[in-house]
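Participant:
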Amino acid sequence: MKILIVCNAGMSTGIMQIKLQKCIESDGQKASVEAIPLTEIEQNLEGTDIILLGPQVRFAEDEIKRMTKNSIPVFSIDIQDFGLMRAENVWQQIKKELSKK
33 MKILIVCNAG MSTGIMQIKL QKCIESDGQK ASVEAIPLTE IEQNLEGTDI ILLGPQVRFA
93 EDEIKRMTKN SIPVFSIDIQ DFGLMRAENV WQQIKKELSK K
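Take my numbering: the final residue in the sequence shown is number 133, and no numbers are missing along the way.
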């Protein structure tokens with residue numbers, strides 16, 4: 033599974049990336065979690081299973097859905113979960129979104 037976490041510059045999402053990777057592994061799952069800036073999203077879509085948006089780029093959700101032709105689930109990380117780096121909540125949301133596919 034390939035998960036993209038998108039933000040402005042990749043700084044704060046880098047912390048979420050590490051915490052989320054650990055959370056996924058402790059759940060017995062395997063995934064590649066990548067934190068990227070919004071400007072690099074098109075180059076990173078291949079093989080992506082889900083796209084998470086940091087609160088600072090949630091404005092781009094509709095544009096990203098159009099870009100992916102709604103073929104990849106896209107959702108904004110809850111601002112409190114992001115601010116407090118609650119990776120477990122984010123992992124639960126990922127599983128919920130992927131179960132809709």
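We treat Cβ as the ideally placed atom computed from N, Cα and C, and that holds for glycine.
As the structure is a computational prediction, the values presented were derived from the model and not from experiment.
Considering Cα atoms alone, identify which of E78, G86 and A41 is closest to F114.
Facilitator: Per the Cα distances, G86.
Participant: Measure the C-alpha to C-alpha separation of L116 and K101 and round it to an integer number of angstroms.
Facilitator: So the two alpha carbons sit approximately 32 Å from each other.
Participant: Is the distance from the Cβ of Q49 to the Cβ of V65 below 8 Å?
Facilitator: Their beta carbons are under 8 Å apart, which means Q49 touches V65 by this criterion.
Participant: Just to confirm the assignment, what range does the alpha helix (DSSP H) spanning V122 have?
Facilitator: It spans A119 to S131 - the alpha helix (DSSP H) in which V122 sits, taken as one unbroken run.
Participant: Alpha carbon to alpha carbon, what distance is there between L52 and L70?
Facilitator: When rounded, the distance between both Cα atoms is 19 Å.
Participant: Nearest to E25 by CA position, among V106, I68 and I82, is which residue?
Facilitator: Given that the chain is displayed from residue 33 to residue 133, the structure contains no residue 25 and the question cannot be resolved.
Participant: Look at L84 and I37 and say whether their C-beta atoms are less than 8 Å apart.
Facilitator: Going by C-beta atoms, L84 is nearer than 8 Å to I37.
Participant: What are the partner residues of E66, as DSSP defines its beta bridges?
Facilitator: DSSP lists L36 as partners of E66.
Participant: Return the Cβ separation of I82 and I104 in integer angstroms, given the expectation that the two are a contact with Cβ distance under 8 Å.
Facilitator: About 7 Å; that satisfies the 8 Å criterion.
Participant: Taking the CB atoms as reference points, tell me whether C55 and E120 lie closer together than 8 Å.
Facilitator: Yes, these two residues count as a Cβ contact at 8 Å.
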